[in-house]
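S.K.:
Number of protein chains: 2
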Amino acid sequence: MKQTGVSEEEIFYLLSDAKKRDFSYQRVLSSMCTYPHEVAVRAHMQFIESNMGDFGLFRGTHDLEKQIILMLGDIYHCGSVEGYLTTGGTESNIQAVRAMRNFSRDRGNYDSSEVRPNIVVPASAHFSFDKIADILDMEVKKADLDHEMKVSVDSMQSLIDENTVGLVAIAGSTEFGQVDPIEEISQIALSHSLPLHIDAAFGGFVLPFISANHKFDFSLPGVTSMAVDPHKMGLSTIPSGVLLFRDFEYINHLRVHAPYLTVDTQYTLTGTRSGAAVAATYAVMKFLGVEGYSKVVERCMDLTGHLVERVKGLGIRPVIDPVMNVVALEVPHPTTLRTKLSSEYDWHVSITQDPKALRLVIMPHLDIGTIDMFINDLEKALRS
Amino acid sequence: MKQTGVSEEEIFYLLSDAKKRDFSYQRVLSSMCTYPHEVAVRAHMQFIESNMGDFGLFRGTHDLEKQIILMLGDIYHCGSVEGYLTTGGTESNIQAVRAMRNFSRDRGNYDSSEVRPNIVVPASAHFSFDKIADILDMEVKKADLDHEMKVSVDSMQSLIDENTVGLVAIAGSTEFGQVDPIEEISQIALSHSLPLHIDAAFGGFVLPFISANHKFDFSLPGVTSMAVDPHKMGLSTIPSGVLLFRDFEYINHLRVHAPYLTVDTQYTLTGTRSGAAVAATYAVMKFLGVEGYSKVVERCMDLTGHLVERVKGLGIRPVIDPVMNVVALEVPHPTTLRTKLSSEYDWHVSITQDPKALRLVIMPHLDIGTIDMFINDLEKALRS
C-alpha cells in the first residue's frame with residue numbers, strides 16, 4: 176500500500192479501466208448470474224452498512240429477512256419454513272449437509288470416532304458437493320444418471336447404507352438444467368427416515384414460474400431443506416443465497432454459542448453478513464411478484480426455444496430437450512469450439528463434462544438479437 | 176410471495192420504515208463494523224454485477240483483487256503473498272484451518288480414519304473457532320490467557336501433541352483488543368514445524384497504523400497465514416474479508432475441480448463472490464493509503480484514550496490498558512447495566528465473558544460528543 180492516498184478522480188479512472196477488462200454479460204452465455212434488477216440495486220445501496228451478523232442491532236433489516244423467508248415458504252409450499260440469507264448455493268449446500276450430519280451424530284446414529292458418515296447425491300450435483308466432502312470430512316456418494324441426465328432412483332437407493340445421513344436431489348442441474356425425480360426420491364427419504372436436501376440454486380426462481388408442473392419443493396413430504404439463489408434468476412444482488420428448512424429442528428444442530436453479540440447463538444456459516452443483499456432481495460421479490468418473475472422466466476424460455484430451433488437448423492441437437500433456460504449442445508470438439516468462440520468471436524460459453532457438450536445459460540441479459548448474432552458466429556466457427 | 180408486484184414507491188416506503196428500526200451506528204458501541212467510506216460505496220456500485228466466482232469472466236475485477244493482495248503483502252511484509260477476498264473473518268479462519276488440516280493429512284502426518292486432528296488456539300479466539308471445530312470435525316484446544324488477556328505461550332506449548340496440525344494466534348482479540356505474543360509463538364511453530372495462522376480480522380487495519388510496534392505479521396518467519404477484514408477498520412463494504420497465505424503451497428490443499436467455469440479449480444469456500452466488495456476494498460485502500468488509515472486509527476485511539484480517562488474519573492477501570500480501540504470496563508453487574516443502557520438510554524454495548532465486563536468498540540462512526548453523551552448516561556445508569 177502506498178504511503179499517500181491517490182485522488183478519487185484517479186481511482187475511478189483505474190476502476191473504469193479495470194471494468195473494461197471484465198466481459199460484458201451481453202457476451203456471456205455461460206453464467207448463472209446476471210445484472211441485478213435496478214430496484215434491487217437501489218435497495219442494496221440504502222442498506223449498504225447493515226450487518227446481519229448481529230441482527231439484534233439491525234432489527235428492521237432482520238424483519239425484511241424474515242419476510243423473504245416467508246415469501247419463499249409461500250412459493251415452496253411450507254407454512255413452517257425457517258431459514259436465512261446465505262452467500263449463495265455453495266454455503267447453503269454446506270450448511271444443509273452439515274445440519275444432516277450433525278442431526279444424525281447428535282442423535283447417536285453413528286459413532287463419529289469410528290465412522291465416516293456419507294450422503295448420496297446425483298452424479299450431476301454441483302461441484303460444491305466435492306468441497307463439502309472435503310470440508311465436512313464426509314463421503315459423498317454419487318448416483319448414476321439416466322439417459323435424460325436425471326438421477327437414477329435405483330442407483331440412489333442402492334448407495335444408501337447404515338452410515339448415510341441424508342440425500343440430495345437437484346432441481347435445475349448446473350450442466351443440463353435438469354430436474355431429478357424428486358417425488359420418488361422424497362418417498363425413498365421417508366422410507367429410510369433420511370433428510371432430503373434440494374439444490375434448487377438455479378431452479379428455485381425458474382420452476383415456480385413455468386407452465387410445466389415439476390414437483391420439487393416442500394409440497395413433497397420427504398423434503399427437509401432447500402437451497403435457492405436470488406442472485407441467479409431472482410435478479411437480486413450478490414451475495415444472495417437462501418437456505419430454507421422445513422422446521423427449526425435442523426437449524427438447532429448448526430448453533431454455536433455467540434458471545435459479544437445481541438444474540439446468544441449463531442447458526443450461520445459466516446459471521447458478518449450483508450444486510451444490503453437482504454434489502455435487495457426483499458425489494459425485487461416484492462416489486463416483481465409471481466407475475467413479474469413469470470414474465471422474466473417466460474422470456475428466457477422463449478429465447479431458449481428460439482436458440483434450440485435455430486441450432487437444429489444447423490444440424491445440432493441438444494443433449495436433452497431443455498427443461499429450463501440451460502442448454503447443452505452436441506457439437507464436434509466442444510472444447511476447441513469453446514476456445515475458438517472466445518478468442519475469435521468474444522462469446523463466452525462453457526462445457527459440460529459427461530457428455531462433453533457446449534453449455535449455454537440463457538439469462539435475462541440476453542435478447543433475440545444477441546442470440547441470433549451468437550448463432551451466426553457459431554455457424555462460422557463450426558465451418559472454419 | 177404476492178401474485179402481483181407492488182410499486183417502487185411502496186417498496187421504498189417499506190424499506191425506509193424497516194431502516195428506522197435498525198439502530199443507527201451513532202448509538203452502537205458494540206460493533207466492529209461501521210459505515211463504509213463513500214469512495215468504497217461508489218466503487219461497490221460500479222461493480223455491482225461482478226462475480227469473482229468465475230473470475231475468468233471478470234478479469235478487470237480480478238486484477239483489482241490481485242492488487243489488494245499485493246498491497247496487503249506490502250503492509251504485512253510478505254513479497255510472496257497469495258490470497259483472495261472472503262466474506263469476512265469467519266470464512267478466512269475456516270479456510271486457514273482447513274488448509275492446515277489438509278496439508279497435514281495430504282502429507283500423511285495423521286491417518287484421518289483413526290485420528291481427529293487438532294489445532295491450538297488462545298482461549299480468547301473468536302467463536303468462529305467453535306464453528307470450525309464443528310464444521311471441519313476437528314478438536315480445538317484452547318490455551319490459557321495471562322493476566323493481560325494474552326495467550327500463555329507455556330499453555331499453548333503444553334497443548335501441542337502428535338495430532339496437532341497448526342497453531343492460531345490473535346492480533347486484536349474480539350473481546351479485549353489484545354495482541355498475543357506472536358513473536359514467541361512464531362518460534363514455537365517453527366520448532367514444531369507447524370503452520371501458524373494469525374487472526375487479525377480486527378487488528379489488521381489497526382496495528383500497522385499505530386505507533387506501538389507490535390510484531391504480528393509475515394515479518395515473523397513462523398506465520399503462514401493471516402485473516403484481515405477490510406469491512407471492519409478498513410472501511411470497505413460488507414462482505415470484505417481477506418485470507419492471506421505466505422505462499423501458494425497451502426492454497427493448493429484447498430482446491431477442488433471446477434467444471435463449467437473459466438478456471439479449472441476453485442480454492443475459495445463460496446462459489447459466487449462479490450466483485451463489488453473487491454472494487455470497494457481496492458478503492459478505499461488506494462484512496463486512504465497509509466497516511467489516511469493512520470489518521471482514522473489515530474482518531475479512534477484518541478477517542479478511546481478520552482473514554483478511558485473519563486471513566487477512570489467515575490472510578491471505573493479497564494480490564495487491560497487498551498492496546499487498540501477496544502475497551503472492556505470493570506463495572507458492577509455488567510449484564511444488568513448493558514440491558515439498562517439499551518432499554519433506557521438507547522446505547523448498544525456488549526459484554527465480555529471472562530471476566531464479565533462492559534465491552535466497547537470505538538469505531539470511526541463515533542465522535543467525542545457521542546462518547547461524552549454515552550459517559551454521562553453511563554454515570555446515570557450506574558447510580559440508579
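Residue numbers (our numbering), protein chains in the order written: chain A, 176 to 559; chain B, 176 to 559. Yeah, the Cβ is synthetic: ideal placement off N, Cα and C, and Gly gets one too. In this text, all values refer to a predicted model and were calculated from it rather than measured experimentally.
Determine the extent of the beta strand (DSSP E) in which E350 of chain A is found, giving its start and end residues.
M.R.: For this step, residue 350 of chain A is matched to residue 175 along the first sequence. E350 of chain A -> no beta strand (DSSP E), and no H or E assigned at all.
S.K.: When Cβ atoms are compared, which residues of the stretch 533-556 of chain A fall closer than 8 Å to chain B?
M.R.: Residues passing the 8 Å Cβ filter: R534.
S.K.: Buried or exposed for Q178 of chain B, please, with buried defined as at least 16 other CB atoms from any protein chain shown within 10 angstroms of its CB.
M.R.: One-based indexing of the second sequence puts residue 178 of chain B at position 3. Looking at its Cβ environment, which holds fewer than 16 other Cβ atoms inside 10 Å, Q178 of chain B is exposed.
S.K.: At what residue ranges does the stretch 402-476 of chain B contain a whole run of the beta strand (DSSP E), taking only runs of 3 or more?
M.R.: You should have 416-420.
S.K.: Between A455 of chain B and the rest of its own chain, which residues show a CB-CB distance below 6 Å, the 5 nearest in sequence each way excluded?
M.R.: Mapped onto the second sequence, residue 455 of chain B falls at position 280. Cβ within range, chain order: A215, A218, H219, S411, T412.
S.K.: Measuring straight from C-alpha to C-alpha, what distance separates E337 of chain B and R291 of chain B?
M.R.: On the second sequence, position 162 is the one that residue 337 of chain B refers to. On the second sequence, position 116 is the one that residue 291 of chain B refers to. So the two alpha carbons sit approximately 11 Å from each other.
S.K.: What do you get for T510 of chain A, buried or exposed, if any count of 16 or more other CB atoms within 10 angstroms of its CB means buried?
M.R.: As a position in the first sequence, residue 510 of chain A is number 335, starting the count at 1. Exposed, by the Cβ-count rule.
S.K.: Would you call the CB atoms of F475 of chain A and P539 of chain A closer than 8 Å?
M.R.: Your numbering for residue 475 of chain A matches position 300 in the first sequence. Your numbering for residue 539 of chain A matches position 364 in the first sequence. The sequence given here has Cys at residue 475 of chain A, not Phe. Contact flag set, yes.
S.K.: I'd like to confirm the pairing. Which residues does DSSP put opposite Q528 of chain A in its beta bridges?
M.R.: For this step, residue 528 of chain A is matched to residue 353 along the first sequence. Beta-bridge pairing links Q528 of chain A to A:K531.
S.K.: Specify, as a first and last residue, the run of the alpha helix (DSSP H) that I385 of chain A falls within.
M.R.: The count along the first sequence starts at 1 and reaches residue 385 of chain A at position 210. Taken as a continuous stretch (DSSP letters only), I385 of chain A belongs to no alpha helix (DSSP H), as it is neither H nor E.
S.K.: For K531 of chain A, which residues from the same chain have a beta carbon less than 6 Å from its beta carbon, with the 5 sequence-adjacent residues on both sides left out?
M.R.: Residue mapping note: residue 531 of chain A aligns to position 356 of the first sequence, counting from 1. Here the set comprises P509.
S.K.: Using a Cβ-Cβ distance cut-off of 8 Å, determine whether C208 of chain A contacts chain B.
M.R.: Here residue 208 of chain A is taken as the residue at index 33 of the first sequence, counted from 1. It does: the Cβ of C208 of chain A has a partner Cβ on chain B nearer than 8 Å.
S.K.: Beta carbons nearer than 7 Å to chain B: which residues of the stretch 256-276 of chain A have them?
M.R.: Correct list: T262, G263, G264, T265, E266, R273.
S.K.: Between the stretch 254-268 of chain B and the stretch 411-430 of chain B, are three or more C-beta pairs nearer than 8 Å?
M.R.: These segments touch.
S.K.: So L311 of chain B and I310 of chain A are supposed to be a Cβ contact under 8 Å. How far apart are they, rounded?
M.R.: Walking along the second sequence from the start, residue 311 of chain B turns up at place 136. Walking along the first sequence from the start, residue 310 of chain A turns up at place 135. Confirmed, Cβ separation roughly 7 Å.
S.K.: Going by DSSP, what residues sit across from S191 of chain A in a beta bridge?
M.R.: Here residue 191 of chain A refers to the residue found at position 16 of the first sequence. Answer by DSSP bridge pairing: none, since S191 of chain A is not bridged.
S.K.: Taking the CB atoms as reference points, tell me whether A300 of chain B and I269 of chain B lie closer together than 8 Å.
M.R.: Position 125 of the second sequence, counted from the start, is the residue given in the question as residue 300 of chain B. Position 94 of the second sequence, counted from the start, is the residue given in the question as residue 269 of chain B. No. Outside cutoff.
S.K.: In three-state terms, what does DSSP make of N284 of chain A?
M.R.: If you number the first sequence from 1, residue 284 of chain A lands on position 109. N284 of chain A falls in the coil class under three-state DSSP.
S.K.: What are the partner residues of T261 of chain B, as DSSP defines its beta bridges?
M.R.: For the purposes of this step, residue 261 of chain B is identified with residue 86 of the second sequence, where counting begins at 1. Answer is B:G416, bridged to T261 of chain B.
S.K.: List the residues that DSSP assigns as beta-bridge partners of E373 of chain B.
M.R.: Position 198 of the second sequence, counted from the first residue, corresponds to residue 373 of chain B. Residue identity check: residue 373 of chain B is Ile in the sequence provided, not Glu. For I373 of chain B, which the question treats as bridged, DSSP gives the partners B:A344, B:M401.
S.K.: Is there at least one Cβ from chain B nearer than 8 Å to G235 of chain A's Cβ?
M.R.: For the purposes of this step, residue 235 of chain A is taken as residue 60 along the first sequence, with counting starting at 1. With 8 Å as the cut-off, G235 of chain A counts as an interface residue toward chain B.
S.K.: Can you give me the C-alpha to C-alpha distance between G254 of chain B and G464 of chain B, rounded to a whole angstrom?
M.R.: Numbered from its first residue, the second sequence carries residue 254 of chain B at position 79. Numbered from its first residue, the second sequence carries residue 464 of chain B at position 289. Each residue's alpha carbon lies about 18 Å from the other.
S.K.: Where does P356 of chain A fall in DSSP's three states?
M.R.: In the first sequence, counting from the first residue as 1, residue 356 of chain A sits at position 181. The answer is coil: DSSP assigns P356 of chain A none of H, G, I, E or B.
S.K.: So, is N551 of chain A buried or exposed, given that buried needs 16 or more other C-beta atoms within 10 angstroms?
M.R.: The residue given as residue 551 of chain A occupies position 376 in the first sequence. That one is exposed.
S.K.: Is the beta carbon of D355 of chain A less than 8 Å from the beta carbon of V326 of chain A?
M.R.: Counting from 1 along the first sequence, the entry for residue 355 of chain A is found at position 180. Counting from 1 along the first sequence, the entry for residue 326 of chain A is found at position 151. Cβ atoms of D355 of chain A and V326 of chain A: closer than 8 Å.
S.K.: Which residues in chain B sit within 9 Å of A458 of chain A, going by Cβ to Cβ distance?
M.R.: Mapped onto the first sequence, residue 458 of chain A falls at position 283. Those within 9 Å of A458 of chain A in chain B are E183, I186, F187, L189, L190.
S.K.: Can you pull the chain B neighbours of L239 of chain A, defined as C-beta to C-beta under 9 Å?
M.R.: For the purposes of this step, residue 239 of chain A is taken as residue 64 along the first sequence, with counting starting at 1. Result: L189, L190, A193.
S.K.: So, is the C-beta of V502 of chain A closer than 8 Å to a C-beta in chain B?
M.R.: Working through the first sequence from its first residue, we reach residue 502 of chain A at position 327. Not an interface residue.
S.K.: Using the three-state DSSP reduction, which class does H523 of chain A fall into: helix, strand or coil?
M.R.: For the purposes of this step, residue 523 of chain A is taken as the residue at position 348 of the first sequence. Looking at H523 of chain A - three-state DSSP - the assignment turns out to be strand.
S.K.: How is the beta strand (DSSP E) around K317 of chain A delimited, first residue to last?
M.R.: Stepping through the first sequence from its first residue, residue 317 of chain A is reached at position 142. 314-318 is the span of the beta strand (DSSP E), which, as asked, contains K317 of chain A.
S.K.: Given that a residue counts as buried once 16 or more other Cβ atoms are within 10 Å of its Cβ, and exposed if not, what is P396 of chain A?
M.R.: Position 221 of the first sequence holds residue 396 of chain A. Answer is exposed; the Cβ neighbour count stays below 16.
S.K.: Does E240 of chain B pass the burial test, meaning 16 or more other C-beta atoms within 10 Å, or should it be called exposed?
M.R.: Reading the second sequence from its first residue, position 65 is the one you call residue 240 of chain B. When all chains shown are included, E240 of chain B counts as buried.
S.K.: May I ask you to verify whether the stretch 424-432 of chain B touches the stretch 469-487 of chain B, counting CB pairs closer than 8 Å and requiring at least 3?
M.R.: Result no; under three Cβ-Cβ pairs closer than 8 Å.
S.K.: Using the three-state DSSP reduction, which class does N551 of chain B fall into: helix, strand or coil?
M.R.: Taking the second sequence and counting its residues from 1, the one referred to as residue 551 of chain B is at position 376. DSSP places N551 of chain B in helix when its eight states are reduced to three.
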